[in-house]
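Trainee:
2 protein chains.
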Amino acid sequence: MNPAFLNEAINQAKISLGQGGIPIGAVITYKGKIIGKGHNQRIQKGSVILHGEMDAFENAGREYAPVFKDCELYTTLSPCHMCTGTILLYGIKKVYIGENQTFKGAEELLASHGVEFEVLNNEECISLMKKFIEEKPNLWNEDIGN
Amino acid sequence: MNPAFLNEAINQAKISLGQGGIPIGAVITYKGKIIGKGHNQRIQKGSVILHGEMDAFENAGREYAPVFKDCELYTTLSPCHMCTGTILLYGIKKVYIGENQTFKGAEELLASHGVEFEVLNNEECISLMKKFIEEKPNLWNEDIGN
Numbered sequence: 006m007n008p009a010f011l012n013e014a015i016n017q018a019k020i021s022l023g024q025g026g027i028p029i030g031a032v033i034t035y036k037g038k039i040i041g042k043g044h045n046q047r048i049q050k051g052s053v054i055l056h057g058e059m060d061a062f063e064n065a066g067r068e069y070a071p072v073f074k075d076c077e078l079y080t081t082l083s084p085c086h087m088c089t090g091t092i093l094l095y096g097i098k099k100v101y102i103g104e105n106q107t108f109k110g111a112e113e114l115l116a117s118h119g120v121e122f123e124v125l126n127n128e129e130c131i132s133l134m135k136k137f138i139e140e141k142p143n144l145w146n147e148d149i150g151n
Numbered sequence: 006m007n008p009a010f011l012n013e014a015i016n017q018a019k020i021s022l023g024q025g026g027i028p029i030g031a032v033i034t035y036k037g038k039i040i041g042k043g044h045n046q047r048i049q050k051g052s053v054i055l056h057g058e059m060d061a062f063e064n065a066g067r068e069y070a071p072v073f074k075d076c077e078l079y080t081t082l083s084p085c086h087m088c089t090g091t092i093l094l095y096g097i098k099k100v101y102i103g104e105n106q107t108f109k110g111a112e113e114l115l116a117s118h119g120v121e122f123e124v125l126n127n128e129e130c131i132s133l134m135k136k137f138i139e140e141k142p143n144l145w146n147e148d149i150g151n
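If you read the sequences in order, they're chains A and B. To convert, take the position in the first sequence, counting from 1, and add 5; that gives our numbering. To convert, take the position in the second sequence, counting from 1, and add 5; that gives our numbering.
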């Protein structure tokens with residue numbers, strides 16, 4: 006676990022929050038370097054698919070698609086089924102999860118496919134989401150398909 | 006199964022092919038009407054996440070996010086883990102799959118979550134993909150994370 010990469014994921018979450026968006030961010034790393042970073046774009050782009058992780062994949066782009074299986078992913082929040090499915094599609098080998106207390110995604114699906122993951126219980130990730138869910142429950146429910 | 010909806014998914018696949026793209030298309034329907042349609046955008050938009058199904062979700066947009074759980078999805082090809090994860094996230098209730106002979110996606114994952122699906126073995130879907138995979142195997146492998 007490289008704290009600088011988690012910090013950049015948190016930074017992405019804060020950028021989103023500052024834009025009036027959902028505070029979830031992610032980065033993808035390859036050989037110790039960030040190759041893609043992003044954040045939830047539901048508000049900013051009116052997107053129903055650009056969760057933080059998806060935005061990071063999209064920003065990494067086709068250039069890196071052939072090496073995604075040698076990449077690691079840092080996300081501020083436990084990945085939902087969509088993001089987990091994308092992790093499986095591209096064979097990401099390790100996932101660092103900022104927290105899974107405010108939302109527990111499809112971690113069992115990751116595990117059943119042999120994807121290593123580590124839940125970091127990061128206090129900043131938790132407080133960002135707690136505050137957001139409290140303030141905008143409808144938006145949050147929309148984002149997780151409730 | 007409404008053949009007009011499958012035909013529109015096939016039409017989307019052909020539009021993509023005509024643009025030099027990957028011939029996979031999808032539509033999402035709500036109360037007997039198409040609310041989102043799309044096709045693979047890997048070539049057209051340089052996207053690593055816009056599979057046909059994802060593009061259809063994105064084109065349906067936030068307006069319909071709250072009712073995705075009452076929607077059906079038609080896709081020309083068996084959905085991969087990413088697209089299956091998105092189907093699970095939004096609780097799509099039924100999926101019509103044009104074919105699963107050239108690629109079998111995460112159908113077991115759909116089944117394990119109680120999502121109904123029907124594989125149609127449509128000849129046009131099969132021949133579109135067979136020809137494409139034969140002509141552009143590298144592009145196809147990139148699209149499915151191989």
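Idealized CB from N, CA, C, for every residue including glycine. Remember, predicted model here, so these are calculated numbers, not experimental data.
Flag this pair as yes or no: are the beta carbons of residue 56(A) and residue 76(A) separated by less than 7 angstroms?
Mentor: In the first sequence, counting from the first residue as 1, residue 56(A) sits at position 51. In the first sequence, counting from the first residue as 1, residue 76(A) sits at position 71. It is not a contact, given that the beta carbons lie outside the stated cut-off.
Trainee: In chain A, what lies closer than 7 angstroms to residue 51(B) by C-beta?
Mentor: Translated into positions along the second sequence, residue 51(B) becomes position 46. Result: 66 and 67.
Trainee: For the region 140-150 of chain A against the region 8-17 of chain B, do three or more pairs of beta-carbon atoms, one drawn from each stretch, fall closer than 8 angstroms, so that the two count as touching?
Mentor: no
Trainee: Going by Cα to Cα distance, which pick from 64(B), 120(B), 16(B) and 114(B) is closest to residue 118(A)?
Mentor: Here the question's residue 118(A) lines up with position 113 in the first sequence. Out of 64(B), 120(B), 16(B) and 114(B), the CA that lies nearest to the CA of residue 118(A) is found in 114(B).
Trainee: Among all the DSSP beta bridges, which residues are the ones paired with residue 124(A)?
Mentor: For the purposes of this step, residue 124(A) is taken as the residue at position 119 of the first sequence. Residue 124(A) pairs with 102(A).
Trainee: With residue 114(A) as the anchor, note down where its alpha helix (DSSP H) starts and where it stops.
Mentor: If you number the first sequence from 1, residue 114(A) lands on position 109. That run of the alpha helix (DSSP H) goes 112-117.
Trainee: Using the beta-carbon of each residue, which ones in chain A are nearer than 9 angstroms to residue 147(B)?
Mentor: Along the second sequence, one-based indexing puts residue 147(B) at 142. Within 9 angstroms Cβ-Cβ: 67, 70 and 71.
Trainee: Between the region 132-140 of chain A and the region 18-34 of chain A, do at least 3 Cβ pairs fall closer than 8 angstroms?
Mentor: yes
Trainee: Could you tell me which chain A residues have their CB closer than 7 angstroms to the CB of residue 2(B), listed as they occur along the chain?
Mentor: The requested residue 2(B) does not occur in the structure, where chain B is confined to residues 6 to 151.
Trainee: Whole-angstrom Cβ separation of residue 108(B) and residue 83(B), contact assumed at under 8 angstroms?
Mentor: One-based indexing of the second sequence puts residue 108(B) at position 103. One-based indexing of the second sequence puts residue 83(B) at position 78. 6 angstroms between Cβ atoms; contact.
Trainee: Which of the residues in the region 78-95 of chain B, read from start to end, lie with their CB under 8 angstroms from any CB of chain A?
Mentor: 85, 86, 87, 88, 89, 90, 91, 93, 94 and 95
Trainee: Should residue 143(B) be labelled buried (16 or more other beta-carbon atoms within 10 Å of its own) or exposed?
Mentor: To locate residue 143(B), count along the second sequence from 1; it is residue 138. Answer is exposed; the Cβ neighbour count stays below 16.
Trainee: Would the region 13-23 of chain B and the region 32-48 of chain B be scored as touching if the rule is three or more Cβ pairs under 8 angstroms?
Mentor: For the pair of segments examined, the region 13-23 of chain B was found to touch the region 32-48 of chain B: the number of CB pairs separated by less than 8 angstroms reaches three.
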